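Here the protein sequences come in this chain order: A and B.
Counted from 1, the first sequence has number 93 at position 93 by the numbering used here; the numbering is strictly sequential.
Counted from 1, the second sequence has number 176 at position 176 by the numbering used here; the numbering is strictly sequential.
Don't be surprised by glycine CBs; every beta carbon is placed ideally from N, CA and C.
Since the model is a prediction, treat every value here as computed from it, not as a measurement.
Reading through the structure tokens given below for one structure.
Number of protein chains: 2
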Amino acid sequence: VKTSSLQAALVEGVLRGEPRAIARAISVVEDGSMDAAPLLGALYARTGRGLIVGVTGPPGAGKSTLVDRMAARLRKQGRTVGIVAVDPTSPFTGGAILGDRVRMQAHALDPGVFIRSMATRGHLGGLAATTGRVLTVLDAAGKEVILVETVGVGQDEVEVVGIADVSVVVLVPGLGDEIQALKAGIMEIADVFVVNKADREGVDRVVAEIESMLSLVPAEGRRPAIVTTVACEDRGVAELIDAIEAFRDEAHRSGLLVRRRRAQAGALLQRELESRLASFVRARVLTAEETEGIIDRLVGRETDPLTAVEDVVGRLGLA
Amino acid sequence: VKTSSLQAALVEGVLRGEPRAIARAISVVEDGSMDAAPLLGALYARTGRGLIVGVTGPPGAGKSTLVDRMAARLRKQGRTVGIVAVDPTSPFTGGAILGDRVRMQAHALDPGVFIRSMATRGHLGGLAATTGRVLTVLDAAGKEVILVETVGVGQDEVEVVGIADVSVVVLVPGLGDEIQALKAGIMEIADVFVVNKADREGVDRVVAEIESMLSLVPAEGRRPAIVTTVACEDRGVAELIDAIEAFRDEAHRSGLLVRRRRAQAGALLQRELESRLASFVRARVLTAEETEGIIDRLVGRETDPLTAVEDVVGRLGLA
Chain A
1 VKTSSLQAAL
11 VEGVLRGEPR
21 AIARAISVVE
31 DGSMDAAPLL
41 GALYARTGRG
51 LIVGVTGPPG
61 AGKSTLVDRM
71 AARLRKQGRT
81 VGIVAVDPTS
91 PFTGGAILGD
101 RVRMQAHALD
111 PGVFIRSMAT
121 RGHLGGLAAT
131 TGRVLTVLDA
141 AGKEVILVET
151 VGVGQDEVEV
161 VGIADVSVVV
171 LVPGLGDEIQ
181 ALKAGIMEIA
191 DVFVVNKADR
201 EGVDRVVAEI
211 ESMLSLVPAE
221 GRRPAIVTTV
231 ACEDRGVAEL
241 IDAIEAFRDE
251 AHRSGLLVRR
261 RRAQAGALLQ
271 RELESRLASF
281 VRARVLTAEE
291 TEGIIDRLVG
301 RETDPLTAVE
311 DVVGRLGLA
Chain B
1 VKTSSLQAAL
11 VEGVLRGEPR
21 AIARAISVVE
31 DGSMDAAPLL
41 GALYARTGRG
51 LIVGVTGPPG
61 AGKSTLVDRM
71 AARLRKQGRT
81 VGIVAVDPTS
91 PFTGGAILGD
101 RVRMQAHALD
111 PGVFIRSMAT
121 RGHLGGLAAT
131 TGRVLTVLDA
141 AGKEVILVET
151 VGVGQDEVEV
161 VGIADVSVVV
171 LVPGLGDEIQ
181 ALKAGIMEIA
191 DVFVVNKADR
201 EGVDRVVAEI
211 ESMLSLVPAE
221 GRRPAIVTTV
231 ACEDRGVAEL
241 IDAIEAFRDE
251 AHRSGLLVRR
261 RRAQAGALLQ
271 RELESRLASF
281 VRARVLTAEE
291 TEGIIDRLVG
301 RETDPLTAVE
311 DVVGRLGLA
């Protein structure tokens, strides 16, 4: 895949870590146009150095504040930081409803931090595929630590977390039963647990619950650390960074990090291939006219969805 | 697609509404084996009569209790009911963590209610595709109203809600700000709003917030009704059923229901086609050996994901 001279300039800008070039490149790779392929190709060759840290947990756990403080701490250590905030959005307006965040102001004048909010909706190839592309840009741009924040525990979020080298799960005391139940979905992907808002009542109970749940899960290597934080007062944030680095070092030594990055590459390949096939179907197989004809027959119960699909697949020569 | 005589018996059982046949058929269509296609083909021809009602909203809104009471009310009116409860689950254990519900007991002896819990994870073709298949079985089985309950506001949930003829969004007073913010993602898909737990403080404020948000959205036809309920005391449930039926009648008259069902058929077709292509890729294109080879080259930065995908697509003759 060839790059144009305009793209070559964009690639150079990203590799130099210029914020405007990074923003531009992310827009190109997010919209999934033909320009994305050569750009990603050129950038991908320069990736693999950044540490990708996923931060997830139920709404109300204080993840945004925590991520903000983690970024501040990393900056004090002289490291460059990327933040990708995956926001729940309206399927109609397409905008990130949590919008411009307070954090944006805190880091606005620091070229060592690049922040991008991503809507959870409207990604043709799926949220995880798009997030993977954005991470490629930030990694190539030399961000040493990239924090990926997601809300919730849907399939999408788990896939996004699966992109990370290290997964941090944030819980808080005092969430309702049903919300606590939700955590089970992300319990087993955690490398490091955070109990945030640890100035509230019930911290010990949450920590005990996590320990009890961990005792049920067969341990592959070391047990996840449990760190308590009060992010809004900057308490425990240094310990959290330390726990993340301890995990990363151990995973590097044991070979887990290499295995995980291979698994990530495999998942990325699968997602991009499915995304590509879906685009092909939309553009070349299920044209508007053909789709209307099949819908007529479906609504009239003259065919059924799987039979219709087999017809299409047969015509493609893939049956 | 031909059905075997065993399958013909299963189809007959489903069409007669026999609970064991329904359960069996759902298992077949959920696991996505080759048996699913002829079964779904035979059943799909007998669908289109049931009214599909999506019920969604944030965790803690009391949706399960509400759905349970709606089912009881519909049964009193002599109508048969299907319930599909989409539960958040662990990606590792695969089980529905909310598990067997209290509701199961309430309706266990009533053959006029069929209840199925579905895990949100592990659906090869995606949750929405699988849910669509389960609805085909319940509709063919003659369930007059099918209630589909989902938790949360991820892409999955919005797609599942998109399967419904009527979408009900459940909110409650007193949820935190971030959880209330999440509602914006599902605000615009609501045909009927419910403010549940209406015996709590703050009901008027939630109703006012919904009205204010609705005033910002361009109205296509009638404004969504807002119903207040206290599901655990059975208050407001009859009014909710009335509001759903009023919407359905109006949507039928205006042609909205027909347009919506066409859109649903189109989305179903697209999902099943993407699911089919993904299976094809897994089984025939990205074999384990080939995948390992590509991963080696990705990890070594000798290629990038999009270039690798173009190579694969080129070999398929689809480029």
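Note to self: Is the beta carbon of residue 129 of chain A closer than 8 Å to that of residue 27 of chain A?
What the structure shows: What you label residue 27 of chain A is simply residue 27 of the first sequence in a count that begins at 1. What you label residue 129 of chain A is simply residue 129 of the first sequence in a count that begins at 1. Cβ atoms of residue 27 of chain A and residue 129 of chain A: not closer than 8 Å.
Notebook entry, point to check: Looking only at DSSP bridge pairs, what is residue 84 of chain B linked to?
Noted result: Here residue 84 of chain B refers to the residue found at position 84 of the second sequence. Bridge partners of residue 84 of chain B: B:116, B:148.
Note to self: Would the segment 222-239 of chain A count as touching the segment 254-272 of chain B if we require 3 or more Cβ pairs under 8 Å?
What the structure shows: no
Checklist line | residue 281 of chain A: contacting residues in chain B (beta-carbon distance under 8 Å) | finding: In the first sequence, the residue the question calls residue 281 of chain A occupies position 281. By Cβ distance, chain B contributes 270, 273, 274, 277.
Check: How long is the line joining the alpha carbons of residue 278 of chain A and residue 201 of chain A, rounded to whole angstroms?
Finding: Taking the first residue of the first sequence as position 1, residue 278 of chain A is located at position 278. Taking the first residue of the first sequence as position 1, residue 201 of chain A is located at position 201. Looking at the two C-alpha atoms, the distance is approximately 49 Å.
Next item on the list: Measuring only between beta-carbons, confirm whether residue 304 of chain B sits less than 8 Å from chain A.
Entry: For the purposes of this step, residue 304 of chain B is taken as the residue at position 304 of the second sequence. It does; some Cβ of chain A falls within 8 Å.
Checklist line | Short Cβ contact (8 Å threshold) for residue 11 of chain A with residue 43 of chain A | finding: Counted from its first residue, the first sequence places residue 11 of chain A at position 11. Counted from its first residue, the first sequence places residue 43 of chain A at position 43. For residue 11 of chain A and residue 43 of chain A, yes; Cβs fall inside 8 Å.
Notebook entry, point to check: For a contact meaning CB atoms closer than 7 Å, what does residue 265 of chain A contact in chain C?
Noted result: Absence of chain C from the displayed structure is noted, the protein chains being A and B.
Next item on the list: Return the chain-ordered ranges of every alpha helix (DSSP H) run that is complete within the segment 38-78 of chain B and spans a minimum of 4 residues.
Entry: 63-76
Next item on the list: Could you tell me whether the Cβ of residue 190 of chain B comes closer than 8 Å to any Cβ of chain A?
Entry: Start at 1 with the first residue of the second sequence, and residue 190 of chain B comes out as number 190. No, because no Cβ of chain A sits closer than 8 Å to the Cβ of residue 190 of chain B.
Note to self: If I follow the unbroken beta strand (DSSP E) through residue 137 of chain A, where does it start and stop?
What the structure shows: The residue given as residue 137 of chain A occupies position 137 in the first sequence. Careful: residue 137 of chain A lies outside any beta strand (DSSP E), inside the alpha helix (DSSP H) at 127-140.
Next item on the list: Taking only beta-carbon positions, decide if residue 229 of chain A is within less than 8 Å of chain B.
Entry: For the purposes of this step, residue 229 of chain A is taken as residue 229 along the first sequence, with counting starting at 1. Chain B, which has no Cβ nearer than 8 Å to the Cβ of residue 229 of chain A, makes this no.
Check: Grouping DSSP H, G and I as helix and E and B as strand, with all else coil, what is residue 226 of chain B?
Finding: Your numbering for residue 226 of chain B matches position 226 in the second sequence. Residue state, collapsed to three classes: strand.
Next item on the list: For residue 262 of chain B, go through chain A and note every residue whose CB falls closer than 8 Å to its CB, in chain order.
Entry: Here residue 262 of chain B is taken as the residue at index 262 of the second sequence, counted from 1. Here the neighbours are 295, 299.
Item checked: C-beta neighbour in chain A for residue 314 of chain B, strict 8 Å -> Start at 1 with the first residue of the second sequence, and residue 314 of chain B comes out as number 314. Cβ-Cβ to chain A under 8 Å: no for residue 314 of chain B.
Next item on the list: Compare the C-beta of residue 194 of chain A against all C-beta atoms of chain B and say whether one is closer than 8 Å.
Entry: Taking the first residue of the first sequence as position 1, residue 194 of chain A is located at position 194. Residue 194 of chain A does not count as touching chain B.
Margin query: With H, G and I counted as helix, E and B as strand and the rest as coil, what does DSSP make of residue 171 of chain B?
Written below: Along the second sequence, one-based indexing puts residue 171 of chain B at 171. Three-state DSSP puts residue 171 of chain B in a strand.
Next item on the list: Please list the segments of the alpha helix (DSSP H) lying wholly inside the segment 228-263 of chain A, counting only runs of 4 or more residues, in order along the chain.
Entry: 237-254
Margin query: Counting beta carbon pairs with one atom in the segment 105-119 of chain B and one in the segment 66-82 of chain B, are three or more of them shorter than 8 Å?
Written below: yes
Next item on the list: Quick one: measure Cβ to Cβ for residue 198 of chain A and residue 150 of chain A, integer angstroms, because I've assumed they're closer than 8 Å.
Entry: The count along the first sequence starts at 1 and reaches residue 198 of chain A at position 198. The count along the first sequence starts at 1 and reaches residue 150 of chain A at position 150. With a Cβ gap of about 22 Å, residue 198 of chain A and residue 150 of chain A do not count as contacting.
Next item on the list: Using a Cβ-Cβ cut-off of less than 9 Å, give me the residues of the segment 23-44 of chain B that come near chain A, in sequence order.
Entry: 36, 37, 38, 40, 41, 42, 43, 44
Next item on the list: Take every Cβ of the segment 164-174 of chain B, pair it with every Cβ of the segment 17-27 of chain B, and state whether three or more of those distances are shorter than 8 Å.
Entry: no
Next item on the list: Establish whether the CB of residue 109 of chain A and some CB of chain B are separated by less than 8 Å.
Entry: Position 109 of the first sequence, counted from the start, is the residue given in the question as residue 109 of chain A. Cβ-Cβ to chain B under 8 Å: no for residue 109 of chain A.
Notebook entry, point to check: In whole angstroms, what separates the C-alpha of residue 246 of chain A from that of residue 235 of chain A?
Noted result: Along the first sequence, one-based indexing puts residue 246 of chain A at 246. Along the first sequence, one-based indexing puts residue 235 of chain A at 235. Near 19 Å, if we compare the C-alpha coordinates of residue 235 of chain A and residue 246 of chain A.
Check: Cα separation between residue 256 of chain B and residue 316 of chain A?
Finding: Here residue 256 of chain B refers to the residue found at position 256 of the second sequence. Here residue 316 of chain A refers to the residue found at position 316 of the first sequence. Going by the C-alpha atoms only, they are around 34 Å apart.
Next item on the list: Under 7 Å Cβ to Cβ from residue 224 of chain B, same chain only, skipping five residues before and after it: list those, please.
Entry: Translated into the one-based positions of the second sequence, residue 224 of chain B becomes position 224. Excluding residues within five positions, the ones whose Cβ falls inside 7 Å are 190, 191, 192, 193, 214.
Note to self: Just to confirm the assignment, what range does the beta strand (DSSP E) spanning residue 192 of chain A have?
What the structure shows: One-based indexing of the first sequence puts residue 192 of chain A at position 192. It spans 192-195 - the beta strand (DSSP E) in which residue 192 of chain A sits, taken as one unbroken run.
Next item on the list: Have a look at the DSSP bridge pairing and note the partners of residue 166 of chain B.
Entry: Here residue 166 of chain B refers to the residue found at position 166 of the second sequence. Partner(s): B:53.
Margin query: Short of 8 Å in beta carbon distance, which residues of its chain neighbour residue 14 of chain A, apart from the five on each side in sequence? Order them along the chain.
Written below: Looking up residue 14 of chain A in the first sequence gives position 14. Cβ neighbours of residue 14 of chain A beyond the five flanking positions: 21, 22, 25, 43, 137, 140, 141.
Next item on the list: Go to residue 200 of chain B, then tell me how far its alpha helix (DSSP H) extends in each direction, as first and last residue.
Entry: Position 200 of the second sequence, counted from the first residue, corresponds to residue 200 of chain B. Residue 200 of chain B -> no alpha helix (DSSP H), and no H or E assigned at all.
Checklist line | Reduced DSSP secondary structure (H/G/I, E/B, other) of residue 16 of chain A | finding: Working through the first sequence from its first residue, we reach residue 16 of chain A at position 16. In this structure, residue 16 of chain A counts as coil in the three-state DSSP scheme.
Margin query: Please report the distance separating the alpha-carbon of residue 89 of chain A from that of residue 60 of chain A.
Written below: Locating residue 89 of chain A in the first sequence gives position 89, where the first residue counts as 1. Locating residue 60 of chain A in the first sequence gives position 60, where the first residue counts as 1. Note that residue 89 of chain A scores 49 on pLDDT, short of 50, meaning its location in the model is unreliable; the coordinates nonetheless yield the value given after this. Cα to Cα, residue 89 of chain A sits roughly 16 Å from residue 60 of chain A.
Margin query: Using 8 Å as the threshold, is the C-beta distance between residue 293 of chain B and residue 171 of chain B below it?
Written below: Within the second sequence, numbered from 1, the residue matching residue 293 of chain B stands at position 293. Within the second sequence, numbered from 1, the residue matching residue 171 of chain B stands at position 171. Result no, Cβ atoms of residue 293 of chain B and residue 171 of chain B do not sit closer than 8 Å.
Check: Beta-carbon separation of residue 147 of chain B and residue 207 of chain B under 8 Å?
Finding: Position 147 of the second sequence holds residue 147 of chain B. Position 207 of the second sequence holds residue 207 of chain B. For residue 147 of chain B and residue 207 of chain B, no; Cβs fall outside 8 Å.
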